[in-house]
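Colleague: The structure's right below; bear with me while I get my questions together.
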Amino acid sequence: MFRDYVVLLSWLCTVSCKEGYFWHIGDIHYDPTYSIQSNGDGSKCLNSRGSEESNGGGGGAGHSSRLNGRGSSGGLYGHYDCDSSWALVDSAAKAMKGIHLDSIEFILWTGDALARDEEMPLELRMQYLKNITDLLSHTFTGQFIFPVLGHDDVRLLNLSQIASLWSNWLPDEALVTLREYGYYMIEQRSKNYQIISLNTNLWLSGYSSGANVEARTGASSGYQRSISNSAQAAASTDPDPGGQWKWLDSVLRNASKAGKIVYIVGHTPPGVDDRNTGFSGLSDEHNAHYLQVVRQYSNIIKGQFFGHWHSDTFRIVYDDNNQPVSWIMISPSITPYRPGGPNNPGLRLYKFNIDSGEVLDYSQYYLNLAEANLGKRTNWRLEYNLREHYELAEVSALSLHDLADRFTQPNNHAFSRYYKANRVSLPRDIEEIWGCDRALSGLCALRHFCAVTRLNQRSYDKCVATYTLVLTQTGAASDNTPDGRQLVFWAVVSSAATFFGAR
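Residue numbers (the UniProt record's numbering): 1 to 503.
So this is what it looks like as structure tokens:
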């Protein structure tokens with residue numbers, strides 16, 4: 001009965017609501033050194049330097065290639081072991097320009113524009129960031145772009161420079177806080193919603209304790225240097241770096257009083273990496289604080305949009321009674337490179353109610369990189385629509401909670417669909433190198449389930465450890481039959497559903 005009511009409401013909205021669209025793009029990681037000169041595998045890029053640096057999430061300079069020539073030859077549009085070529089970045093902009101351009105209200109750009117390069121001079125980094133800014137400005141001449149600082153965006157740059165570069169997109173009051181601390185709020189005066197842009201660099205794991213960076217994020221000390229502008233460095237021991245917590249509470253409290261709803265936009269989301277690494281982004285303290293803020297204001301927070309992990313996934317925030325109260329969407333990257341295994345490049349288009357701000361659906365677009373290089377042309381195509389793909393009546397915390405539960409049920413294709421989307425339809429020959437037993441492994445599904453539903457390090461670790469023990473004892477971890485893998489996993493999760501308490 002309830003679901004019939006939801007479907008009716010969705011139908012009424014399609015015939016009476018004013019619908020609009022906005023793009024979510026992120027993790028471009030443009031690598032100006034990319035070329036297709038042969039170095040043994042047909043490409044050359046920052047990632048082929050063989051640096052010892054490795055990053056648990058997001059782009060990074062170092063990696064150990066596992067492709068070994070299998071479907072891995074580079075081309076004009078890039079390489080699965082490299083960050084973005086300019087041709088790839090330009091093709092993404094052209095693709096967005098050709099889809100619903102007249103109905104695009106705004107663009108969310110969730111950071112990490114450039115590839116990590118410790119050796120790149122400041123002047124060049126600024127010029128390359130300007131090149132991407134100019135490309136987006138020329139692509140969206142009639143829309144505002146709301147950018148977010150990624151952890152690599154502020155490497156060797158200061159916030160004043162970045163604010164000047166983005167000044168044409170943002171009002172003066174937003175530039176004041178962006179210039180000083182890296183965060184801002186957009187007041188949509190003629191609309192019912194506000195956009196809150198966070199500087200998650202202030203809350204990163206290891207920010208207050210540099211010695212703990214490598215252990216918790218898989219990053220070297222270079223990771224901390226990426227957030228070391230003067231305002232952030234001065235606040236390294238402050239429980240409220242840059243005053244962002246106080247500011248955020250004030251913005252949300254005022255929005256609640258005014259009857260507004262908000263979108264929260266940031267680079268690094270709460271929780272851990274879903275690709276079986278277990279790396280966290282935010283520090284434990286800031287992660288817990290963020291989740292508590294979301295619980296407190298869940299009635300007005302209608303969307304949370306993040307990037308950083310370079311994968312297509314989502315998160316669910318639960319209240320103290322384990323009821324789902326808010327959702328987080330994590331968009332895949334434009335760069336194909338990821339230390340935990342590559343993706344195809346992705347772009348995401350949201351459909352929403354312009355009047356209320358309610359998110360109605362999204363369409364995920366992707367580029368088959370191997371195909372584009374082979375044909376020397378790009379074809380950004382629709383990968384899936386959220387509600388149709390996952391059979392959702394609406395976009396809500398409850399519907400996404402139900403979806404996560406379906407990951408654990410026998411004879412249900414929800415996880416297989418999710419896993420394919422998580423890798424952005426990566427070609428099978430590449431996926432077999434990096435994947436986990438072709439997606440249906442009990443341990444693979446377990447890690448994703450725990451990452452989606454347990455948004456702090458302790459509860460995630462407990463979730464994985466407890467279920468892994470039972471899976472190992474039952475033999476499900478190595479049982480390669482679909483029934484053996486998912487039926488036992490379903491039984492384990494169902495029997496232990498109330499074991500963990502608050503998520």
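Note that the Cβ used here is the ideal one computed from N, Cα and C, for glycine as well.
All of these numbers come straight from a predicted model, not from anything done at the bench.
1) Give me the Cα-Cα distance between Ile36 and Pro241, rounded to the nearest whole angstrom.
2) Taking the alpha carbon of Gly142 as the reference point, which residue from Lys97, His389, Ala414 has its own alpha carbon closest?
3) Are the CB atoms of Val148 and Val265 within a distance shorter than 8 Å?
4) Does Gly259 pass the burial test, meaning 16 or more other C-beta atoms within 10 Å, or should it be called exposed?
5) What does DSSP give as the partner residues of Gly75 in its beta bridges?
6) Check whether the segment 395-409 touches the segment 364-373, counting contact only when three or more Cβ pairs, one atom from each stretch, lie closer than 8 Å.
7) For Tyr390, report the span of its alpha helix (DSSP H) as first-last.
8) For my contact list, His460 and Val176 are in at a C-beta cut-off of 8 Å; report their separation, rounded to the angstrom.
9) Using DSSP with H/G/I as helix, E/B as strand and the rest coil, what is Gln188?
10) Helix or strand or just coil, what does DSSP make of Arg348?
11) How big is the Cα-Cα spacing for Ile330 and Leu426?
12) Please report the distance separating the alpha-carbon of Tyr290 from that of Arg377.
13) Ile430 by DSSP, collapsed to three states: which one?
14) Run through DSSP, which three-state label would Arg447 get?
15) Do Ser103 and residue 517 have their beta-carbon atoms positioned less than 8 Å apart in this structure?
16) Is there contact here, the segment 316-336 with the segment 20-32, by at least three beta-carbon pairs under 8 Å?
17) Find the nearest neighbour of Asp312 within the set Ala115, Arg423, Arg406, Asn158, judged by alpha-carbon distance.
18) Checking 8 Å against the spacing of the C-beta atoms, do Asp153 and Asp112 come in under that value?
19) If you count every other CB in all the chains shown that lies within 10 Å of the CB of Pro345, and 16 or more means buried, which is it?
20) What does the Cβ neighbour count give for Gly375, buried or exposed, with the cut at 16 atoms within 10 Å?
21) For a quick check, are the C-beta atoms of Tyr467 and Leu446 less than 8 Å apart?
22) For Leu108, report the span of its beta strand (DSSP E) as first-last.
23) How is Met126 classed by DSSP in three states: helix, strand or coil?
24) So what does DSSP say about Gln409, is it helix, strand or coil?
25) When the Cα of Tyr390 is compared with those of Gln457, Leu400, Leu382, which residue comes out closest?
26) By Cβ distance below 6 Å, which residues in the same chain neighbour Asp355 in space, the five residues on each side in sequence not counted?
27) Taking DSSP as the reference, what is the three-state secondary structure of Leu149?
28) Let me make sure I understand the geometry here. Which of Leu108, Lys351, Thr133, His100 has the alpha-carbon closest to that of Leu114?
29) For Asp198, which residues in the same chain have their Cβ closer than 6 Å to its Cβ, ignoring the five residues on either side in sequence?
30) Please check the pair Thr335 and Thr268, which I expect to be a contact at CB under 8 Å, by giving their CB distance rounded to whole angstroms.
31) Only counting the same chain, and skipping five residues up and downstream in sequence, which positions put a Cβ closer than 6 Å to that of Arg348?
32) Classify Asn131 as helix, strand or coil using the three-state DSSP reduction.
33) Does the beta-carbon of Ser250 have 16 or more other beta-carbons within 10 angstroms, so that it is buried, or is it exposed?
34) Pull up the DSSP beta-bridge partners for Tyr280, would you.
35) Considering Gly375, what are the terminal residues of the alpha helix (DSSP H) in which it resides?
36) Round the Cβ separation of Leu170 and Met126 to the nearest angstrom and send it over; I've been treating them as touching at under 8 Å.
Modeller: Reading from the atomic positions:
1) Here residue 36 corresponds to residue number 36 of the sequence shown, with the count starting at 1. Here residue 241 corresponds to residue number 241 of the sequence shown, with the count starting at 1. The straight-line gap from Cα to Cα measures roughly 43 Å.
2) In the sequence shown, counting from the first residue as 1, residue 142 sits at position 142. For the set Lys97, His389, Ala414, the Cα lying nearest the Cα of Gly142 is the one of Lys97.
3) Taking the first residue of the sequence shown as 1, we reach residue 265 at position 265. Taking the first residue of the sequence shown as 1, we reach residue 148 at position 148. In this structure, the beta-carbon distance from Val265 to Val148 falls below 8 Å.
4) Locating residue 259 in the sequence shown gives position 259, counting from the first residue. Exposed, since its Cβ has fewer than 16 Cβ neighbours within 10 Å.
5) For this step, residue 75 is matched to residue 75 along the sequence shown. Note: Gly75 sits in a beta bridge opposite Gly78.
6) Because the criterion of three Cβ pairs below 8 Å is not met, the segment 395-409 and the segment 364-373 do not touch.
7) Here residue 390 corresponds to residue number 390 of the sequence shown, with the count starting at 1. For Tyr390, the enclosing alpha helix (DSSP H) begins and ends at 386-390.
8) The count along the sequence shown starts at 1 and reaches residue 460 at position 460. The count along the sequence shown starts at 1 and reaches residue 176 at position 176. Contrary to the premise, residue 460 reads as Tyr rather than His in this sequence. For Tyr460 against Val176, the beta-carbon gap comes to about 37 Å, at or over 8 Å, which does not count as contact.
9) Counting from one through the sequence shown, the residue named residue 188 turns up at place 188. DSSP, reduced to helix, strand and coil, places Gln188 outside both helices and strands of the structure shown, so it counts as coil.
10) Taking the sequence shown and counting its residues from 1, one reaches residue 348 at position 348. Strand at Arg348.
11) Here residue 330 is taken as the residue at index 330 of the sequence shown, counted from 1. Here residue 426 is taken as the residue at index 426 of the sequence shown, counted from 1. Per the coordinates, the alpha-carbon of Ile330 lies some 18 Å from the alpha-carbon of Leu426.
12) Here residue 290 corresponds to residue number 290 of the sequence shown, with the count starting at 1. Here residue 377 corresponds to residue number 377 of the sequence shown, with the count starting at 1. Distance between Tyr290 and Arg377, taken at the CA atoms: about 43 Å.
13) What you label residue 430 is simply residue 430 of the sequence shown in a count that begins at 1. Of the three classes helix, strand and coil, the one that applies to Ile430 here is helix, per DSSP.
14) As a working note, residue 447 is residue 447 in the sequence shown. The answer is helix: DSSP assigns Arg447 an H, G or I state.
15) Not covered by the structure: residue 517. The range shown for the chain is 1 to 503.
16) Verdict: yes, contact present.
17) Position 312 of the sequence shown holds residue 312. It is Arg423 whose Cα lies nearest to the Cα of Asp312.
18) Within the sequence shown, residue 153 is the residue found at index 153, counting from 1. Within the sequence shown, residue 112 is the residue found at index 112, counting from 1. Cβ distance < 8 Å, so Asp153 and Asp112 count as in contact.
19) Here residue 345 corresponds to residue number 345 of the sequence shown, with the count starting at 1. Residue environment analysis places Pro345 among the buried positions, since at least 16 neighbouring C-beta atoms fall within 10 angstroms of its C-beta.
20) Counting from one through the sequence shown, the residue named residue 375 turns up at place 375. It counts as exposed.
21) Here residue 467 refers to the residue found at position 467 when the sequence shown is read from its first residue. Here residue 446 refers to the residue found at position 446 when the sequence shown is read from its first residue. A contact, by the Cβ cut-off of 8 Å.
22) To locate residue 108, count along the sequence shown from 1; it is residue 108. Bounds of the beta strand (DSSP E) holding Leu108 are 104-109.
23) Numbered from 1 along the sequence shown, position 126 holds the residue referred to as residue 126. In the structure shown, the three-state DSSP call for Met126 is helix.
24) One-based indexing of the sequence shown puts residue 409 at position 409. Three-state result, Gln409: coil.
25) To locate residue 390, count along the sequence shown from 1; it is residue 390. With distances taken between Cα atoms, Tyr390 lies closest to Leu400.
26) Against the sequence shown, residue 355 aligns to sequence position 355. Taken in chain order, the residues that qualify are Lys18.
27) Counted from its first residue, the sequence shown places residue 149 at position 149. Of the three classes helix, strand and coil, the one that applies to Leu149 here is coil, per DSSP.
28) By one-based count along the sequence shown, residue 114 stands at place 114. With distances taken between Cα atoms, Leu114 lies closest to Thr133.
29) As a working note, residue 198 is residue 198 in the sequence shown. In the sequence as displayed, the identity of residue 198 is Leu instead of Asp. Exclusion of the five residues before and after Leu198 leaves Tyr183, Gly266 as the residues of its chain whose Cβ lies within less than 6 Å of its Cβ.
30) As a working mapping, residue 335 is identified with position 335 in the sequence shown. As a working mapping, residue 268 is identified with position 268 in the sequence shown. About 16 Å; that fails the 8 Å criterion.
31) For the purposes of this step, residue 348 is taken as the residue at position 348 of the sequence shown. For Arg348, where only same-chain residues beyond five positions count, the Cβ hits under 6 Å are His24, Ser331, Tyr362, Gln364.
32) Here the question's residue 131 lines up with position 131 in the sequence shown. Judged by DSSP in its simplified three-state form, Asn131 adopts helix.
33) Here residue 250 corresponds to residue number 250 of the sequence shown, with the count starting at 1. Exposed: under 16 other Cβ atoms inside 10 Å.
34) One-based indexing of the sequence shown puts residue 280 at position 280. It should be noted that the sequence gives Ser, not Tyr, for residue 280. Partner residues in the beta bridge of Ser280, as assigned by DSSP, are Val272.
35) Working through the sequence shown from its first residue, we reach residue 375 at position 375. Its alpha helix (DSSP H) spans residues 369-375.
36) As a working mapping, residue 170 is identified with position 170 in the sequence shown. As a working mapping, residue 126 is identified with position 126 in the sequence shown. Rounded, the Cβ-Cβ distance is 18 Å, inconsistent with contact.
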